[in-house]
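Heads up: the structure comes next, in structure tokens.
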Amino acid sequence: MTRISLLALALSAALLAPAAHAAEAATAPAADVATAPAASAKAAQLQQLYADYWEGVLQLNPVQATFQGDHRYDDQLPDFGSAAFRKQAHDFTVRWLEKVEGLGSDGLSGQDLLSYEIFVREARNSLEGEKFPDWMMPVNQMSSIASYAVMLGSGSSAQPFKTVKDYDNWLARGNRLPTLFDTDIANMRAGIKAGVVQPRALMVKVIPQLDALIKDKPEDTLFWGPVKNLPADFSVADKQRLTAAYRAMIGEQLLPAYRKLRAFINDEYLPATRDSVGLDTLPDGQAWYAHRARNSTTTDMSPAQIHQLGLDEVERIHGQIRKLMVEAEFKGTLQEFFRFMQDDPRFSFKDEASLLAFYRGLEAKVNLRVREQFSLLPKAPFEIRPVEEFRAKSAAGGSYQSPSEDGSRPGVFYVNTYDLPTRKTWDAEDLFLHEAIPGHHFQLALQQELKGLPAFRRFGGETAYIEGWGLYAESLGKSLGVYESPYDHFGYLQNELWRAIRLVTDTGLHSKGWTREQVIKYMLDNSAESETQATAEAERYIAWPGQALAYKIGELRIQQVRAKAEKELGDKFDIREFHAEVLNANPQPPEALPATDPSGRGLRRSYTEPTAIPLPRPPEGAASSRECDPARAFPSDACWKARGWKPLPPGRRPSLRIQTPCAVGAS
125 MTRISLLALA LSAALLAPAA HAAEAATAPA ADVATAPAAS AKAAQLQQLY
175 ADYWEGVLQL NPVQATFQGD HRYDDQLPDF GSAAFRKQAH DFTVRWLEKV
225 EGLGSDGLSG QDLLSYEIFV REARNSLEGE KFPDWMMPVN QMSSIASYAV
275 MLGSGSSAQP FKTVKDYDNW LARGNRLPTL FDTDIANMRA GIKAGVVQPR
325 ALMVKVIPQL DALIKDKPED TLFWGPVKNL PADFSVADKQ RLTAAYRAMI
375 GEQLLPAYRK LRAFINDEYL PATRDSVGLD TLPDGQAWYA HRARNSTTTD
425 MSPAQIHQLG LDEVERIHGQ IRKLMVEAEF KGTLQEFFRF MQDDPRFSFK
475 DEASLLAFYR GLEAKVNLRV REQFSLLPKA PFEIRPVEEF RAKSAAGGSY
525 QSPSEDGSRP GVFYVNTYDL PTRKTWDAED LFLHEAIPGH HFQLALQQEL
575 KGLPAFRRFG GETAYIEGWG LYAESLGKSL GVYESPYDHF GYLQNELWRA
625 IRLVTDTGLH SKGWTREQVI KYMLDNSAES ETQATAEAER YIAWPGQALA
675 YKIGELRIQQ VRAKAEKELG DKFDIREFHA EVLNANPQPP EALPATDPSG
725 RGLRRSYTEP TAIPLPRPPE GAASSRECDP ARAFPSDACW KARGWKPLPP
775 GRRPSLRIQT PCAVGAS
């Protein structure tokens with residue numbers, strides 16, 4: 125929970141629904157009224173604890189503050205990978221967990237109870253995860269301090285470069301970077317000794333990434349960007365001083381540090397990397413992967429159960445694509461249709477400009493219809509930008525970066541224009557809906573605009589909720605005026621299929637001994653993805669075990685909740701208010717989605733139960749007679765029935781439980 129990297133945390137909307145509180149108050153039993161003053165006092169105490177806790181988080185991790193738009197600590201950069209910092213983060217989490225649990229949850233209800241349970245669960249999950257040595261593998265092709273630093277220091281991300289003080293702040297941070305690089309090298313050496321090293325297939329991709337950043341002259345680096353754009357109102361003396369200081373920092377500190385890291389990886393680390401790719405091949409790897417999967421998907425389903433769910437979903441979606449082939453009057457096999465969609469030139473963009481223009485036109489098109497589906501819209505500005513060249517080769521097709529709370533930085537949809545022939549027109553609409561509107565931009569920008577929840581919720585995130593919503597947002601295409609042709613609709617089905625394939629391939633890699641090549645072949649045989657995209661995705665799953673599992677499982681739960689609401693409410697079901705309630709539920713596990721009728725009728729039970737979330741599994745041997753005990757592999761039939769859920773086949777019953785992800789990454 126406090127182990128935060130230089131990459132901005134995955135942010136999620138955390139919204140209070142006033143109607144929900146009104147409905148709860150109107151239906152509260154008399155006994156609750158008697159305890160209300162005590163409960164209110166406890167809630168107020170907890171709110172103060174949460175506020176003090178978050179202030180401590182920002183001091184412990186000043187880069188999080190920068191991304192949040194709090195610029196008090198823009199000159200500070202802790203040594204995140206050091207043993208001293210890890211101990212500090214551990215002690216911090218333990219201290220605040222003890223304070224919050226010391227007050228307890230008796231008498232709390234609604235959002236107050238939910239905040240308590242989320243805090244306790246995330247703190248326990250963070251402490252549980254400390255037994256796995258992620259710190260020994262700090263660098264891969266998807267994430268490293270080396271890549272995050274250049275995003276910050278180039279002036280294209282959260283680090284501000286508007287005032288002289290801003291420029292001096294980055295000088296202070298930038299001059300600290302060599303220490304962090306040295307710590308990464310020391311940690312990787314410790315990993316070599318312990319047998320905890322990255323797969324060779326990933327690290328060979330890091331070398332060209334570093335080569336792209338290392339230049340002979342400071343003026344040729346991305347770090348020189350702020351100097352090129354020195355504000356005109358700076359004095360001549362300040363411009364001269366800052367130019368000289370940046371030249372010295374880049375030439376004498378940063379470039380030597382990048383060269384040192386590259387030499388270490390190439391000469392010492394690469395020879396020690398492993399041929400295997402699965403997390404389960406590392407010491408205690410099976411438990412490590414189970415922890416990752418549990419936190420990412422929010423379930424206690426085993427990797428084998430998740431794998432089977434993926435196979436079932438792949439088969440179901442293949443059936444839907446076959447129906448679409450009939451609609452498109454395509455004659456041939458499923459695999460031939462995949463190749464047609466990949467190879468036919470009508471589905472390609474002619475250049476980067478046409479790709480970006482398509483997305484900007486799509487933004488305007490979706491905005492014409494979005495109010496038909498949503499009553500809750502963010503105020504934060506939104507931009508579409510191409511992925512930076514230095515990371516484009518390893519980046520996914522699109523990703524989203526949240527806006528700052530203060531409005532100084534917009535939400536950004538990053539579009540990858542690398543290997544342009546693989547970027548298809550039929551793939552663009554659903555990607556936009558997922559990453560931008562109404563997907564992550566609606567979720568993650570809205571959280572900045574509600575002040576009623578504790579900051580740890582407003583700036584936290586639940587992977588299955590965030591990515592489940594993104595995938596659910598793709599399903600709204602026809603209602604938003606897109607997917608007008610069978611081919612565009614195929615794009616949606618193809619990407620839903622892709623998320624189902626992730627359940628198969630991620631578990632295959634990390635629990636069944638699948639190779640990188642085996643995963644790529646499975647993707648190519650069962651979808652219309654290009655080899656470029658399949659390769660990048662396979663290597664992403666290797667780098668981030670478990671993360672890709674969240675999408676499909678979270679989306680399935682949201683679809684369940686909607687189907688249940690439509691059935692129970694009938695003509696009174698309002699899609700705009702349903703979406704508002706789902707967004708209001710953030711961040712929490714999809715199982716706990718609260719829902720009320722904003723008219724005041726109070727329909728929380730009609731959408732889903734319970735409003736409280738399951739806490740992490742209790743210590744081994746702990747007994748409980750509750751049918752819905754979170755220690756169970758998945759809820760019993762009695763629990764499933766009591767909650768009003770339609771039973772699923774064995775192995776497909778998610779008992780949702782989520783950990784904050786490291787980032788909103790690619791879709």
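Residue numbering for the sequence shown follows the numbering used here, beginning at 125 and increasing consecutively. In this text, a Cβ means the ideal position worked out from N, Cα and C, and glycines have one as well.
For GLU608, there is no enclosing alpha helix (DSSP H), since its DSSP letter is neither H nor E. For VAL438, same chain residues with a beta-carbon under 8 Å away, outside a window of 5 residues either side, are LEU621, ALA624, ILE625, VAL628, ASN650 in chain order. If you draw a straight line from the Cα of VAL643 to the Cα of GLY180, it comes to about 42 Å. By DSSP's assignment, LYS548 forms a beta bridge with SER472.
Judged by DSSP in its simplified three-state form, GLY277 adopts helix. For the pair ALA552 and LEU617, the Cα-to-Cα distance works out to about 13 Å. DSSP places PHE697 in no alpha helix (DSSP H); its state is neither H nor E.
The beta-carbon distance between GLY375 and LEU304, rounded to whole angstroms, is 18 Å. This is too long to meet the 8 Å contact definition. Here DSSP, grouped into helix, strand and coil, assigns TYR542 to coil.
Pairing ARG493 with LEU604 gives a Cβ-Cβ distance under 8 Å.
Boundaries of the alpha helix (DSSP H) around GLU222: 207 to 227. For GLU496, same chain residues with a beta-carbon under 6 Å away, outside a window of 5 residues either side, do not exist. Remark: C-beta atoms of ILE331 and ILE269 do not approach each other more closely than 8 Å. SER420 carries a helical assignment under DSSP once its states are collapsed to helix, strand and coil. Put simply, of TRP220, PRO186, ILE242, GLY226 the residue whose alpha carbon is nearest the alpha carbon of LEU577 is ILE242. The shortest C-alpha to C-alpha distance from ALA387 to any of ALA516, ALA175, PHE285, LEU334 is the one to LEU334. Inclusion of LEU170 and TYR240 in the CB contact set at 8 Å is warranted, their separation being smaller than that value. Taking the Cβ atoms as the reference, ASP554 lies roughly 4 Å from GLU598, within the contact range of under 8 Å. Rounded to the nearest whole angstrom, the CA to CA distance from ALA411 to GLN364 is 55 Å. The alpha-carbon of VAL187 is positioned some 24 Å away from that of PRO510.
SER359 is classed as exposed because its beta carbon has fewer than 16 other beta carbons within 10 Å across all chains shown. Per the C-alpha coordinates, the member of ARG640, LEU501, ALA660 positioned closest to LEU707 is LEU501. Boundaries of the beta strand (DSSP E) around ILE508: 506 to 510. ASP399 is classed as exposed because its beta carbon has fewer than 16 other beta carbons within 10 Å across all chains shown. In the DSSP assignment, GLN525 forms a beta bridge with VAL536. Looking only at THR541, THR639, VAL536, the smallest Cα-Cα distance to LYS474 is reached by THR541.
Annotation for PHE305: the continuous alpha helix (DSSP H) segment containing it runs 301 to 318.
Put simply, the segment 311 to 322 touches the segment 248 to 259. At least three CB pairs are less than 8 Å apart. Among the bridge pairs identified by DSSP, ARG398 is matched with PRO323.
Comparing C-alpha distances from THR639 to each of LEU648, GLU453, GLY402, ASN293 shows the shortest one belongs to GLY402.
Remark: fewer than three beta-carbon pairs, one from each stretch, lie closer than 8 Å, so the segment 659 to 668 and the segment 579 to 590 are not flagged as touching.
Take ALA658, set aside five residues on each side of it, and the residues of its chain with a beta-carbon closer than 6 Å to its own are ILE644, MET647, LEU648, in chain order. Straight through space, the alpha carbons of PHE498 and ILE699 are spaced by roughly 8 Å. The segment 337 to 355 makes no contact with the segment 680 to 698: fewer than 3 CB pairs, one atom from each, lie closer than 8 Å.
The residues ALA504, PRO505, PHE506, GLU507, PRO527, in chain order, have a CB closer than 7 Å to that of PRO534 in the same chain once the five nearest residues on each side in sequence are set aside. Less than 8 Å divides the Cβ of GLY277 from the Cβ of TRP294.
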